[in-house]
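If you're matching positions, the sequence shown starts at 159 in this note's numbering and goes up one per residue.
Glycine included, C-beta positions come from ideal geometry on N, C-alpha and C.
Predicted model, so just to flag it, every value in this text is computed and none were measured.
Here is the structure we will look at.
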Amino acid sequence: MNNRRVRVRFAPSPTGPLHIGGVRTALYNYLFAKQHGGDLIFRLEDTDSNRFVEGAEEYILESFKWLGIKFDEGVSFGGEYGPYRQSERRDIYKKYVKILLDSGKAYIAFDTPEELDKKRAEIENFQYDASTRLMMRNSLSMPAEEVQALIESGHKYVVRFKIEPGEKVLVNDIIRGAVTIDSSILDDKVLYKSADELPTYHLANIVDDHLMEVSHVIRGEEWLPSAPLHVLLYRAFGWEDTMPQFAHLSLLLKPEGNGKLSKRDGDRLGFPVFPLEWKDPATGAISSGYREADYLPEAVINFLALLGWNPGDDTEMMDIEELIRKFDLTHCSKAGARFDYKKMIWFNHEYIIKKDDSAIAELFAPIVKANGVEVDIEKLTKIVSLMKGRVNFVHELWDASNFYFIAPQAYDEKTVKKRWKEDSATKMGELAELLASLEDFSIENQEARVKEWIESKGYSLGEIMNAFRLTLVGEGKGPQMFDISGILGKEETIARMKRAIEVLG
Ligand code: GLU
């Protein structure tokens, strides 16, 4: 068991967009697989046709592509253990249902939904199990000929797992430790439905994990209650020796920490809970996504990695390679993880700073273009390097730096009142003349020569710089002055100064 190859799977059901909790589950599987040089499988659990949603599969795959989570095999990736879409594995499941039936570990039941409802009304806390199954219509309570005749005449039936009461079931979870329960509390779960010739989640999940040689099942806490049943299924098939190890991740909690994170929290507080924007095919309603909200995938990954896991110290910024190296299931917390979306914004800010200026410029370029400005990428990269520390999102760079591209149309009144003195026009005229005379318009040379001039004239540095800023930017914001004039270039700088002198007088 210990020298078994690590093989893990992410196994979503295509019932809608991938929730951010599902993304974290996939990420942890990915980190674990990569750390151990193992395989990550993408399996689609689509046996519940009632819940199938058009486009969900494509959406999920697209999300992982954007996030950079790569699968080694599975739907759309191929591999030796396919097909990986459960709806294409009917014959396989039928074979395993038959094995359980033949060995007496499962039985056929004909009870209609109405009959089941009636029993529930009759018997308090009714559960289909060892104490009630002989009162029901199934192959344990009916003569074999009758069962055969019903099947042959096309009656719909289900196959139920025959759970023996009074057995100890040990669930050993890497995160939660060992828990033993008594099988008597479990009901005879439906494993297969003749109506659509498909297994239920439980049977398909166990058969596939076995056949695909899955070594570890890392999944959300909501699946923890199913774990004892799964252990019993492994036992029934005689697969206990290769049963995967379980790790059930903690819940994601509301930003306030009380209760489970839901889409409504995102709507209420203004953050997405899906990786990509999703349009509901039935209602046309749009839910926002991290990609469209302008998050960098690296930031989302780093943030999610720390929701329920920590590296044992307070390191926060970790790229994917470092996460792969450090990730440890035994360091995952049992307690729920508060979804601190403000922290995610902080991560985005930090990743903008960390990422190369040229890469950010590539992301910023289409925004500049959409604002009707043509600019070369080299100049844009310089602007980005000066401005990116001031924003949380790439699109915010436009508001922060549009003065580089567009000369001021007006001058901010308050700033004018404060910074434009009676003699400002004269002084700016002198400064424009000085700058125009410079052959070397580099930032360093401008700075040296302007300071010399200010000193020789006995002017105040603050006064000159504030007026200078007003002429170039139109208000009081922006980086260091010569960083602005340096990027604008001599011609544009002088033109803006002249216009300001004219307008402000
Ligand atoms: N199909 C289940 C889901 O949608 C898979 C649960 C598991 O990983 O076993 O999450």
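key: G196 to S384 span [Cα, whole Å]   = Along the sequence shown, one-based indexing puts residue 196 at 38. Along the sequence shown, one-based indexing puts residue 384 at 226. Looking at the two C-alpha atoms, the distance is approximately 26 Å.
message = So the candidates are A336, D452, R426, S595; which of them puts its Cα closest to the Cα of Q403?
response = For the purposes of this step, residue 403 is taken as the residue at position 245 of the sequence shown. The residue with the shortest Cα to Cα distance from Q403 is A336.
Assigned exposure category for I178 - 16 Cβ within 10 Å defines buried = Taking the sequence shown and counting its residues from 1, the one referred to as residue 178 is at position 20. Burial call: buried.
task = Figure out for me which residue from R496, Y186, I343 has the closest Cα to the Cα of G324.
result = Locating residue 324 in the sequence shown gives position 166, where the first residue counts as 1. Checking every option, the nearest Cα to that of G324 belongs to I343.
request  = Examine ligand 1 and report whether any of its heavy atoms sits within less than 8 Å of the Cβ of E371.
outcome  = Counting from one through the sequence shown, the residue named residue 371 turns up at place 213. No, the Cβ of E371 stays beyond 8 Å of every heavy atom of ligand 1.
Where the alpha helix (DSSP H) containing K609 begins and where it ends = Here residue 609 is taken as the residue at index 451 of the sequence shown, counted from 1. Looking at the DSSP string, the run of the alpha helix (DSSP H) that includes K609 is 601–615.
Closer than 8 Å: R377 CB and nearest ligand 1 heavy atom = Locating residue 377 in the sequence shown gives position 219, where the first residue counts as 1. Flag set: Cβ of R377 near ligand 1.
inquiry  = Considering just the uninterrupted stretch of the alpha helix (DSSP H) at R295, what are its terminal residues?
reply    = For the purposes of this step, residue 295 is taken as the residue at position 137 of the sequence shown. Per DSSP, R295 belongs to no alpha helix (DSSP H) and is neither H nor E.
ask   = The beta strand (DSSP E) with K326 in it runs from where to where?
value = Taking the sequence shown and counting its residues from 1, the one referred to as residue 326 is at position 168. 326–331 is the span of the beta strand (DSSP E), which, as asked, contains K326.
ask   = Would L462 pass as a contact of G447 if the rule is Cβ separation under 9 Å?
value = Counted from its first residue, the sequence shown places residue 462 at position 304. Counted from its first residue, the sequence shown places residue 447 at position 289. Going by C-beta atoms, L462 is not nearer than 9 Å to G447.
query = How many Å lie between A169 and T358 at the Cα?
reply = By one-based count along the sequence shown, residue 169 stands at place 11. By one-based count along the sequence shown, residue 358 stands at place 200. Approximately 14 Å, taken between the alpha carbons.
ask   = Among A451, L189, T173, which has the Cα closest to the Cα of L464?
value = Within the sequence shown, the letter at position 306 stands for residue 464. The shortest Cα separation from L464 among A451, L189, T173 belongs to L189.
request  = For P386, count neighbouring Cβ atoms within 10 angstroms of its own Cβ and tell me buried if that reaches 16, exposed if not.
outcome  = As a working note, residue 386 is residue 228 in the sequence shown. By the 10 Å Cβ count, P386 comes out buried.
inquiry  = Please list the terminal residues of the continuous beta strand (DSSP E) segment that includes A362.
reply    = Position 204 of the sequence shown, counting from 1, holds the residue named residue 362. No beta strand (DSSP E) contains A362, which is instead part of the alpha helix (DSSP H) from 359–369.
message = Across the stretch 513–521 and the stretch 530–547, are there enough close Cβ pairs to call them in contact, namely three or more that are closer than 8 Å?
response = yes
message = I'd like to confirm something about R654: is its beta-carbon nearer than 8 Å to some heavy atom of ligand 1, or not?
response = Start at 1 with the first residue of the sequence shown, and residue 654 comes out as number 496. False, no ligand heavy atom lies under 8 Å from that Cβ.
ask   = So does the stretch 300–308 actually touch the stretch 348–365, counting three or more Cβ pairs closer than 8 Å?
value = no
ask   = Is any heavy atom of ligand 1 found at a distance shorter than 8 Å from the C-beta of Y359?
value = Translated into the one-based positions of the sequence shown, residue 359 becomes position 201. Y359: yes, Cβ under 8 Å from ligand 1.
task = Could you pull out every residue in the same chain whose Cβ sits closer than 7 Å to the Cβ of A493, ignoring the five residues on either side in sequence?
result = Indexing the sequence shown from 1 puts residue 493 at position 335. Excluding sequence neighbours, A493 sits near S408.
task = Give me whichever residues DSSP pairs with L202 in a beta bridge.
result = Taking the sequence shown and counting its residues from 1, one reaches residue 202 at position 44. DSSP, once it has assigned bridges, lists R243 as partnering L202.
key: Length of the line joining the Cα atoms of N296 and T290   = If you number the sequence shown from 1, residue 296 lands on position 138. If you number the sequence shown from 1, residue 290 lands on position 132. Going by the C-alpha atoms only, they are around 11 Å apart.
task = Kindly list the residues whose CB is nearer than 7 Å to the CB of L185, restricted to its own chain and excluding five residues on each side of it in sequence; keep chain order.
result = In the sequence shown, the residue the question calls residue 185 occupies position 27. Hits under 7 Å: I227, I459, L462, A463.
message = Please give the ranges of any alpha helix (DSSP H) in the stretch 407–478, keeping only runs that are unbroken, at least 4 residues long and fully inside the region.
response = 421–427, 455–463
message = Short of 6 Å in beta carbon distance, which residues of its chain neighbour Y217, apart from the five on each side in sequence? Order them along the chain.
response = Position 59 of the sequence shown, counted from the start, is the residue given in the question as residue 217. Result list for Y217: P175, in chain order.
ask   = Exposed or buried, V430, counting other C-beta atoms within 10 Å across all chains shown (16 or more means buried)?
value = What you label residue 430 is simply residue 272 of the sequence shown in a count that begins at 1. First, the amino acid is wrong: residue 430 is Pro here, not Val. That one is buried.
message = Tell me whether N529, by its Cβ, gets closer than 8 Å to a heavy atom of ligand 1.
response = Position 371 of the sequence shown holds residue 529. No, Cβ of N529 sits at least 8 Å from all heavy atoms of ligand 1.
request  = Classify Y188 as helix, strand or coil using the three-state DSSP reduction.
outcome  = In the sequence shown, residue 188 corresponds to position 30, counting from 1. Here Y188 sits in helix by DSSP.
ask   = Under three-state DSSP, which class holds R334?
value = Your numbering for residue 334 matches position 176 in the sequence shown. DSSP places R334 in coil when its eight states are reduced to three.
ask   = Measuring CB to CB, does W611 end up less than 9 Å from L592?
value = Locating residue 611 in the sequence shown gives position 453, counting from the first residue. Locating residue 592 in the sequence shown gives position 434, counting from the first residue. It is a contact, given that the beta carbons lie within the stated cut-off.
query = Is the closest heavy atom of ligand 1 to the C-beta of G180 under 8 Å?
reply = Here the question's residue 180 lines up with position 22 in the sequence shown. Yes, Cβ of G180 sits closer than 8 Å to a heavy atom of ligand 1.
ask   = When the distance is taken between beta carbons, is I444 closer than 9 Å to D438?
value = Position 280 of the sequence shown, counted from the first residue, corresponds to residue 438. Position 286 of the sequence shown, counted from the first residue, corresponds to residue 444. Contact flag set, yes.
message = Given the structure, does N363 come close to ligand 1, in the sense that its CB is under 8 Å from one of the ligand's heavy atoms?
response = Mapped onto the sequence shown, residue 363 falls at position 205. Yes, since a heavy atom of ligand 1 falls inside the 8 Å radius drawn around the Cβ of N363.
request  = Measure the alpha-carbon distance for C718 versus G466 and round it to whole angstroms.
outcome  = Because the chain in this structure spans residues 159 to 663, residue 718 falls outside the shown range and cannot be described.
key: Identified DSSP bridge partners for L356   = Looking up residue 356 in the sequence shown gives position 198. Paired residues: K351.
inquiry  = Extract the residue ranges of the alpha helix (DSSP H) inside the stretch 202–237, only unbroken runs of 4 or more that lie entirely within it.
reply    = 214–225
task = State the beta-bridge partners of Y562 as determined by DSSP.
result = Here residue 562 corresponds to residue number 404 of the sequence shown, with the count starting at 1. The partner list for Y562 (beta bridge, DSSP) is empty, contrary to what the question assumes.
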